[in-house]
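Novice:
Protein chains: 2
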Amino acid sequence: MRVSQGLFVTWREAPSDAETRGIVMLSRAGFVRKLGSGLYANLPLMQRVLLRLEAVIRQELSGVAQEVSFPILQPESLWRESGRWEAYTRAEGIMFTMQDRAGRQLALGPTHEEVAVAVMRDMVQSYRDLPVSMYQIGRKFRDELRPRFGLLRTREFTMKDGYSFHASPEDLRAHFEVMSGVYARLLTRLGVRWRAVEADSGNIGGADSREFMVLTDVGEDEVLYSADGRYAANAERAVSRPAEATPSPFHTFTRHHTPGTATVATACAVLGCEPAHMVKNVLYDAVFSQEGGTLLVPVLVSLRGDHAVNPVKLWNAVQARAERFGGGTLISLEVAQTGAWAEGELPLGYIAPDLPDRVIARREGLYPAFLRLCDEAAAEARNFTTGANEADWHVTGANWGEHYQLPDVVEVRQARAGDVLLHDPSQVLHSARGIEVGHVFQLGTKYAQAMNARFTAADGTAQPFHMGCYGIGVTRLAQAIAEQLSDERGLVWPAVIAPYQVILTVVDVQDERQMQAAESLYAQLRAAGVDVLLDDRPERAGVKFADAELTGIPYRVTLGRALDQGEVEVKVRRTGEVRRLALAEVAAALQGEPGWATSPAGAGRATLLPHA
Amino acid sequence: MRVSQGLFVTWREAPSDAETRGIVMLSRAGFVRKLGSGLYANLPLMQRVLLRLEAVIRQELSGVAQEVSFPILQPESLWRESGRWEAYTRAEGIMFTMQDRAGRQLALGPTHEEVAVAVMRDMVQSYRDLPVSMYQIGRKFRDELRPRFGLLRTREFTMKDGYSFHASPEDLRAHFEVMSGVYARLLTRLGVRWRAVEADSGNIGGADSREFMVLTDVGEDEVLYSADGRYAANAERAVSRPAEATPSPFHTFTRHHTPGTATVATACAVLGCEPAHMVKNVLYDAVFSQEGGTLLVPVLVSLRGDHAVNPVKLWNAVQARAERFGGGTLISLEVAQTGAWAEGELPLGYIAPDLPDRVIARREGLYPAFLRLCDEAAAEARNFTTGANEADWHVTGANWGEHYQLPDVVEVRQARAGDVLLHDPSQVLHSARGIEVGHVFQLGTKYAQAMNARFTAADGTAQPFHMGCYGIGVTRLAQAIAEQLSDERGLVWPAVIAPYQVILTVVDVQDERQMQAAESLYAQLRAAGVDVLLDDRPERAGVKFADAELTGIPYRVTLGRALDQGEVEVKVRRTGEVRRLALAEVAAALQGEPGWATSPAGAGRATLLPHA
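Printed below as a string of structure tokens:
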């Protein structure tokens, strides 16, 4: 392709709303153009990157799963069958829905579990036809509360989503590991730093899931991992052993007048103890969606003074207790607003674990029930300090069972760097930030049971399918790579997904010898199957060099004065390394490597011109 | 791929709602599965066909246009700018729309002219950067009134849509012809019978458009063409010279009592003339959408008794006169319902061209205006017979200018087989049915002007882009091929898009020699880059033969008793031809042709085993 003949536009400035280096560079280099909130057009260079990335994904999945393509439009009835219609349209509300001309509701698929189960239910009857593993690459939609970070959180994005169906949990587990291996190979082949972590399953459900994170400081997720590589988890889900607390300095249960100490830090300073000696008690309001309306359930959570609540774990703990209140789906869980109490009624900052039912409930008999929960670490505290249920008063030397009834014990503490591994205190947890680019789940029989999708087992009984699902955010992965590999001059693409492998920069297009050499090299490289871009614009050399750096093409060949010696310069974008090569030799040097196919589908690893 | 290890399901019966052979066979062979009205899942075999078809399209467009991908979700504001929001959401109502969580309207793109113009307006400022030609392959959505015929008319489908931008109408016209050439090469390469025809532009607008039709009896469109190949047009748009009428037998203007002759046929029988001697007058009701509401405009159309109205031409003629009534968009045009008149007020079947204004308007002063139109052929009639504006009475020997004022003359007649070419009476029009699989348009500056998308021309002035657009219905084309090429035994795929090129059928999988020969051939063919399917199921040979025919894979290799002589049978699906080849030679015979690449992107022409 000649730069003069295509849509190649670069910008000095990034759009004012570009928050990360990745989207800044993708915008400036003319890879993408924002069309609206969370909506991006992929321009020719980006489209080449995406096609190559999809081709690499297809290669890695070849022999593991079969490609299909499902409709984006999904009938409401399927989501009613799985029981997810309400949660996706009401609670989180991330699913776009619309009415067709006949007045029926349709959803724009944010995911395709229901469709995959419906297809399997129709097509497969016997264990003999299992397992089945299928995937598609296509658009997904989410009505995000706050689209941001370029392609990382959009309302429309490209995803590889896969679904597998098995006759047994063992077969599912084996395929889950095969699929994890595919993801690991893919990310390694792309040349990015990544980590697989234990993850929370969120609304997708199921017992076991694993995330694949591309590590970069702009990542929305925190990863906690041990240096020996044996443990890594999303901080949302990580479990750990907290640093041991020193023994409490208090041994008798005593009330203290502690005015103006409504925070852990100020109370500790006045009382002369450490945050780890305290138990703090925090009130949350949980809202459940139930048939006929919503139900508010207050939740009092006790945890150690030096710990923070993990909102995902607390959410799961509260949801798991829904049956006590008549069931339903948790749709909101937030720290209670003090405005709900009369002045002085709630001893804020001085709450004790035995805050009276009446105060929790705000008004006698208002709520049918409420929850008291205590984090595991707080449950182990001895002679602890806590609030006295009266403003400006604390107690010290308190113990569970003696002064307070121990509530339901749960693990709701946020793990953090510095904690040690649960089963190996010699290993300390470290923290890194990452972008979730892949997620694999063992869903079990949840969907098959809900949608009555069964096969005839070897023993003749009807059994629900055991199901797994496997996602890669394709557009998100492309930007994650841009985030991690770009530098202050622009993008840096791994050769395997670079839009072009080589750019030929003609220093002076008026110089006939330079143009002739460029045309000849261009023809040679194209004939050899190398994807090559010829920058033949009548621009200053500096502009063209800067554009080449910005665009991130792995190798730049400069055709300039060195031609006096019959030579060209080859610059490696990733390392900045520059070599001089004889013009006659450069085509041979720039071809013949497995990564240099013309077609996206043929993209492979590139090892040409070994990096310094 | 081994049949035993993938999702390959065939059915004896087609779904009861499958109307054409193409969708019957695609359903029975397990290529697609219907998920809802106008919504289909593409299963693994279909997905392979589609990927190959898309790859062939990309190959043909390589060097002509650059690939991009636009969001499917489109903000209302863009469609307001182009002025199409109302027409697409109210009038035809084929666009799905929804509200996001912020209450803003979004559309599911049925087409992407607005987005392409918005991108160009942002990215390209100078004539130096023109022309730009881009395309995408992706999903499109239409809220069809009546989804039907499988993939031919669905609510979600895959389309290749392209948009080009030019500095001059000449450059646009040249690119339009280049793009037509791409479409012609593509269809020829696919090995189908097709025809390019002049077309109506519909709602897309613009002056000049051309359709590409795959010819098959189940096609929704009628094509009229001359035997010499110089004229072909969609019947919606075709112009022709009607067969000449013989001179009228009447020479004086006379009233006749003709009770019970409200049809052309009965009137001619009683009066002793031919339909071509009559002028019939038909009342239509046109409804315009205007700011603040709708406006009803009655239209009286006069045309020759042996002619029919072409609804598309009439629609265009009425829309073109919208300014007379204050402008607006025509949203409905139907023959007037007689219920709107008082008993005996409208002389139905006996209307004259001078039906009084008051009768047309139904009530004095009700409508601000109405239209009287006369078709060109009727305008040439002499001494014609027509209604007398009184039930049971006709007049004969009437003439325009003498007995009736000639209304606006327009060309609204439906051309038909048997007519002759407008400019060459020696050429008679023939009729065929076709499926529209491609459509190319010269849109001109319509969108650029509406959306204020301009570039700086060589003379320094700001000029609107000249725009073209170019569509191929990818899923529709796949089924059109199935319609035309399939036979009573199943699908017949051209090798260039076949899901697999070869199927190896093992007659008896218990026979160790047969399985060994199959495994060895399977490995050889895969190593040689041939896409091969190994039918290793423990089924009866008859079942496997029938499935191979149904699936439409170009070559079947049967491994059976002929192995006693060291031979296998090769059967060509399209011709039914069977050959015996030595086992040792068959891999060599089945490989090495340009059409036999492993990857969809590498698919080319297949000429192996020349057809009988």
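Which chain is which? The protein sequence lines are A and B, in order.
Under the working numbering, think of the first position of the first sequence as 3, with each following residue one higher.
Under the working numbering, think of the first position of the second sequence as 3, with each following residue one higher.
All C-beta atoms, glycine included, are put in the ideal place defined by N, C-alpha and C.
Just to confirm the assignment: which complete beta strand (DSSP E) runs, minimum length 3, are found wholly within the region 24-49 of chain A?
Specialist: DSSP runs (the beta strand (DSSP E)) wholly in the region 24-49 of chain A: 34-38, 41-44.
Novice: Counting only runs that start and end within the region 345-396 of chain B, where is the alpha helix (DSSP H) found for 4 or more residues in a row?
Specialist: If we require 4 residues or more, the alpha helix (DSSP H) runs fully inside the region 345-396 of chain B come out as 359-363, 378-381.
Novice: Can at least three beta-carbon pairs, one atom from the region 215-228 of chain B and one from the region 512-527 of chain B, be found at a separation below 8 angstroms?
Specialist: Pairwise C-beta distances place the region 215-228 of chain B out of contact with the region 512-527 of chain B, as fewer than three of them are shorter than 8 angstroms.
Novice: Have a look at T263 of chain A and A245 of chain A and give me their C-alpha separation to the nearest angstrom.
Specialist: On the first sequence, residue 263 of chain A is found 261 positions in, with the first residue counted as 1. On the first sequence, residue 245 of chain A is found 243 positions in, with the first residue counted as 1. Cα to Cα, T263 of chain A sits roughly 25 angstroms from A245 of chain A.
Novice: Can the beta-carbon of G470 of chain B be found less than 7 angstroms from the beta-carbon of L192 of chain B?
Specialist: Here residue 470 of chain B is taken as the residue at index 468 of the second sequence, counted from 1. Here residue 192 of chain B is taken as the residue at index 190 of the second sequence, counted from 1. No, they are not a contact pair.
Novice: Where does L335 of chain A sit, in a helix, a strand or coil, going by DSSP?
Specialist: The residue you call residue 335 of chain A lines up with position 333 of the first sequence. It is a strand residue.
Novice: Output, in sequence order along the chain, the residues in the region 61-88 of chain A whose CB is closer than 7 angstroms to any CB in chain B.
Specialist: Q68, E69, V70, S71, F72, P73, I74, L75, P77
Novice: Taking the beta strand (DSSP E) that Y557 of chain A falls in, what are its first and last residues?
Specialist: Translated into the one-based positions of the first sequence, residue 557 of chain A becomes position 555. Its beta strand (DSSP E) spans residues 557-561.
Novice: Give the secondary structure of V66 of chain B by DSSP, where H, G and I count as helix, E and B as strand, and everything else as coil.
Specialist: Translated into the one-based positions of the second sequence, residue 66 of chain B becomes position 64. The answer is coil: DSSP assigns V66 of chain B none of H, G, I, E or B.
Novice: Are the C-beta of A43 of chain B and some C-beta of chain A separated by less than 7 angstroms?
Specialist: Position 41 of the second sequence holds residue 43 of chain B. Answer yes: the Cβ-Cβ gap between A43 of chain B and chain A drops below 7 angstroms somewhere.
Novice: At the 7 angstroms Cβ level, is G8 of chain B part of the contact set with chain A, yes or no?
Specialist: Taking the second sequence and counting its residues from 1, one reaches residue 8 of chain B at position 6. Chain A, which has a Cβ nearer than 7 angstroms to the Cβ of G8 of chain B, makes this yes.
Novice: Would you verify that the beta carbon of F290 of chain B is, or is not, closer than 7 angstroms to some beta carbon of chain A?
Specialist: Along the second sequence, one-based indexing puts residue 290 of chain B at 288. Closer than 7 angstroms: no.
Novice: Excluding the 5 residues preceding and the 5 following V411 of chain A in the sequence, name in chain order all residues of the same chain whose CB lies nearer than 7 angstroms to its CB.
Specialist: Here residue 411 of chain A refers to the residue found at position 409 when the first sequence is read from its first residue. Answer for V411 of chain A: C376, E378, A381, listed in chain order.
Novice: Keeping to the same chain, check which residues put their C-beta closer than 6 angstroms to that of R123 of chain A; ignore five residues upstream and five downstream.
Specialist: Working through the first sequence from its first residue, we reach residue 123 of chain A at position 121. The answer, listed in chain order, is A455.
Novice: Just checking my contact of Q138 of chain A with F72 of chain A at CB under 8 angstroms: how many whole Å lie between their CB atoms?
Specialist: Translated into the one-based positions of the first sequence, residue 138 of chain A becomes position 136. Translated into the one-based positions of the first sequence, residue 72 of chain A becomes position 70. Between F72 of chain A and Q138 of chain A the Cβ distance is about 6 angstroms, and since that is below 8 angstroms, they are a contact.
Novice: Do the CB positions of Q49 of chain B and V70 of chain A come within less than 7 angstroms of each other?
Specialist: Your numbering for residue 49 of chain B matches position 47 in the second sequence. Your numbering for residue 70 of chain A matches position 68 in the first sequence. Yes, these two residues count as a Cβ contact at 7 angstroms.
Novice: Give a yes or no on whether 7 angstroms exceeds the smallest Cβ distance from M125 of chain A to chain B.
Specialist: Along the first sequence, read from residue 1 onward, the residue named residue 125 of chain A stands at position 123. True, the Cβ-Cβ gap to chain B drops below 7 angstroms.
Novice: Taking 7 angstroms as the CB-CB cut-off, is D102 of chain A touching chain B?
Specialist: Stepping through the first sequence from its first residue, residue 102 of chain A is reached at position 100. Answer yes: the Cβ-Cβ gap between D102 of chain A and chain B drops below 7 angstroms somewhere.
Novice: So, using beta-carbon positions, are F151 of chain A and T22 of chain A closer together than 7 angstroms?
Specialist: Translated into positions along the first sequence, residue 151 of chain A becomes position 149. Translated into positions along the first sequence, residue 22 of chain A becomes position 20. In this structure, T22 of chain A lies closer than 7 angstroms to F151 of chain A by Cβ.
Novice: Between S79 of chain A and Y449 of chain A, what straight-line distance do the alpha-carbon atoms span, to the nearest angstrom?
Specialist: Taking the first residue of the first sequence as position 1, residue 79 of chain A is located at position 77. Taking the first residue of the first sequence as position 1, residue 449 of chain A is located at position 447. The straight-line gap from Cα to Cα measures roughly 14 angstroms.
Novice: Consider the Cβ of G221 of chain B: report whether some Cβ of chain C lies at a distance smaller than 7 angstroms.
Specialist: Within the model displayed, chain C is absent; protein chains A and B are what it includes.
Novice: Are the C-beta atoms of P46 of chain B and some chain A residue less than 7 angstroms apart?
Specialist: Within the second sequence, numbered from 1, the residue matching residue 46 of chain B stands at position 44. Chain A, which has a Cβ nearer than 7 angstroms to the Cβ of P46 of chain B, makes this yes.
Novice: Against chain A, does A141 of chain B count as a neighbour if the rule is that its beta carbon must be under 7 angstroms from one of theirs?
Specialist: Start at 1 with the first residue of the second sequence, and residue 141 of chain B comes out as number 139. Here residue 141 of chain B turns out to be Arg, not Ala, going by the sequence shown. Yes, R141 of chain B counts as interfacial toward chain A.
Novice: Please list, in chain order, the residues of the region 155-174 of chain A that have any C-beta partner in chain B closer than 7 angstroms.
Specialist: R157, E158
Novice: Looking only at its chain, what residues have a beta carbon closer than 7 angstroms to the beta carbon of N401 of chain B, apart from the 5 residues adjacent to it on each side?
Specialist: Position 399 of the second sequence, counting from 1, holds the residue named residue 401 of chain B. R384, N385, listed in sequence order.
Novice: Comparing C-alpha positions only, which one of A:A550, A:H468, A:R148, A:P249 sits nearest to E172 of chain A?
Specialist: For the purposes of this step, residue 172 of chain A is taken as residue 170 along the first sequence, with counting starting at 1. Measuring from the Cα of E172 of chain A, the nearest candidate turns out to be A:H468.
Novice: Okay, do the region 472-489 of chain A and the region 24-32 of chain A touch, 3+ Cβ pairs below 8 angstroms being the bar?
Specialist: yes
Novice: Check whether the Cβ atoms of A288 of chain B and V303 of chain B lie closer than 7 angstroms to each other.
Specialist: Mapped onto the second sequence, residue 288 of chain B falls at position 286. Mapped onto the second sequence, residue 303 of chain B falls at position 301. Cβ atoms of A288 of chain B and V303 of chain B: not closer than 7 angstroms.
Novice: Less than 7 angstroms between the C-beta atoms of V509 of chain A and R575 of chain A, yes or no?
Specialist: Your numbering for residue 509 of chain A matches position 507 in the first sequence. Your numbering for residue 575 of chain A matches position 573 in the first sequence. It is not a contact, given that the beta carbons lie outside the stated cut-off.
Novice: Please name the residue or residues paired with Q138 of chain B in a DSSP beta bridge.
Specialist: As a position in the second sequence, residue 138 of chain B is number 136, starting the count at 1. Note: Q138 of chain B sits in a beta bridge opposite B:D163.
Novice: Mark T477 of chain B as exposed unless 16 or more other C-beta atoms lie within 10 angstroms of its C-beta, in which case mark it buried.
Specialist: As a working note, residue 477 of chain B is residue 475 in the second sequence. Counting Cβ neighbours within 10 Å, T477 of chain B comes out buried, since at least 16 surround it.
Novice: Applying a beta-carbon distance threshold of less than 8 angstroms, which residues of chain A neighbour D145 of chain B?
Specialist: Working through the second sequence from its first residue, we reach residue 145 of chain B at position 143. Chain A residues near D145 of chain B: D102, R103.
Novice: Got a sec, what are the start and stop residues for the alpha helix (DSSP H) G544 of chain A sits in?
Specialist: By one-based count along the first sequence, residue 544 of chain A stands at place 542. Per DSSP, G544 of chain A belongs to the alpha helix (DSSP H) from 543-553.
Novice: Using three-state DSSP, classify G470 of chain A as helix, strand or coil.
Specialist: Numbered from 1 along the first sequence, position 468 holds the residue referred to as residue 470 of chain A. Strand, per DSSP.
Novice: Would you mind stating whether E116 of chain B and W81 of chain B have Cβ atoms separated by less than 7 angstroms?
Specialist: Along the second sequence, one-based indexing puts residue 116 of chain B at 114. Along the second sequence, one-based indexing puts residue 81 of chain B at 79. Taking 7 angstroms as the Cβ cut-off, E116 of chain B and W81 of chain B qualify as a contacting pair.
Novice: Looking only at its own chain, which residues have a Cβ that is under 6 angstroms from the Cβ of A20 of chain B, when we skip the five neighbours before and after it?
Specialist: The sequence position of residue 20 of chain B within the second sequence is 18, counting from 1. Hits under 6 angstroms: V26, S29.
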